[in-house]
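See below for the structure under consideration.
Laid out in structure tokens, this is it:
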């Protein structure tokens, strides 16, 4: 199974790989949707690529948080690990249908963060269900949780989003990939840990994917999401999708504020960091066009 000359790629899947907006969160829906990603990944492997896959888990963590709405039995780090196992299982099952049983493996992954990261003093990442203001006040007193008003109405819990520093299971992922397995790792950005302990927070999944790709020495970072590329002046009369873009130009657009922090911003920053750390190409595009984005025919292609 060992691939002697395989090119390394990290594929970062957005939440739409499992659950599209408005769809119920259940196993049937996830199995149907994940087939699209599995077909793309299997084609890449057939063409000689060693593929490591990361994915989002926001809706699934939110679903589990809703189930323990008022009396949490498990903390956020455990919910992250649980969804890594769940979604990893669905992904490897779908990939194996195309490549053969036992060709892929999921690794529950921890990511080291700095205990002094400023994010811990300024929680901004929304998680879990909406609450009435009185509920939020009671939970804040009971558990020390932080809440902010959600733009959709009501109050939601916010948690820190620290910068990923090191993939703890990196060597295991590397050895499995070098042995020819498709590895699913760092789901949901990985479980954030500091001083060897899991912490209440969420690592941005795209920044974790960029770090994983860099540490593995990958040639390609492929970010598949629900839009067909990176736009400047998005949703304005003069909007323009970027095709092939050099990293310095993209970095300038990022500094000018073209990419919102809650959506395209982290994906663009991940692409910039990956290329500046030695990656050959980063590509951002729609999941449904994933193979064409991989081939460089669609989406936004970021190069040095």
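Numbering (this note's numbering), first residue to last: 5 to 308.
Ideal Cβ positions, reconstructed from N, Cα and C, are used throughout, including at glycine.
| query | result |
| --- | --- |
| What do you get for residue 305, buried or exposed, if any count of 16 or more other CB atoms within 10 angstroms of its CB means buried? | buried |
| Assuming contact is defined by CB atoms lying nearer than 8 Å, are residue 246 and residue 233 in contact in what I supplied? | yes |
| Going by CA-CA distance only, name the one from 157, 156, 161 that's closest to residue 144. | 161 |
| Using DSSP with H/G/I as helix, E/B as strand and the rest coil, what is residue 97? | helix |
| Around the Cβ of residue 105, are there at least 16 other Cβ atoms within 10 angstroms (buried) or fewer (exposed)? | exposed |
| In this structure, does DSSP put residue 257 in helix, strand or coil? | helix |
| Between the region 80-99 and the region 39-58, can you find at least three pairs of beta-carbon atoms closer than 8 Å? | yes |
| For residue 141, is the classification buried or exposed, using 16 other Cβ atoms within 10 angstroms of its Cβ as the cut-off for buried? | exposed |
| Should residue 272 and residue 308 be called a contact, given that it needs their Cβ atoms to be closer than 8 Å? | no |
| Sorted by chain position, which residues of the same chain lie with C-beta nearer than 6 Å to residue 88's C-beta, five sequence neighbours on each side aside? | 112, 191 |
| Span of the alpha helix (DSSP H) holding residue 31? | 31-50 |
| What does the alpha-carbon distance come out to for the pair residue 93 and residue 23? | 15 Å |
| According to DSSP, is residue 161 helix, strand or coil? | strand |
| Just to check my reading of the structure: residue 85 and residue 213 have Cβ atoms closer than 8 Å, yes? What is that Cβ distance to the nearest angstrom? | Contact flag wrong, Cβ pair sits at about 18 Å. |
| Within a Cβ cutoff of 6 Å, which residues of the same chain sit near residue 292, ignoring the five residues on either side of it in sequence? | none |
| May I have the straight-line CA-CA distance separating residue 52 from residue 126, to the nearest angstrom? | 44 Å |
| On the DSSP bridge assignment, give the partners of residue 114 in chain order. | 195 |
| Where residue 223 and residue 49 are concerned, what is the direct C-alpha to C-alpha distance, given to the nearest angstrom? | 14 Å |
| What is the rounded straight-line gap between the Cα of residue 47 and the Cα of residue 296? | 11 Å |
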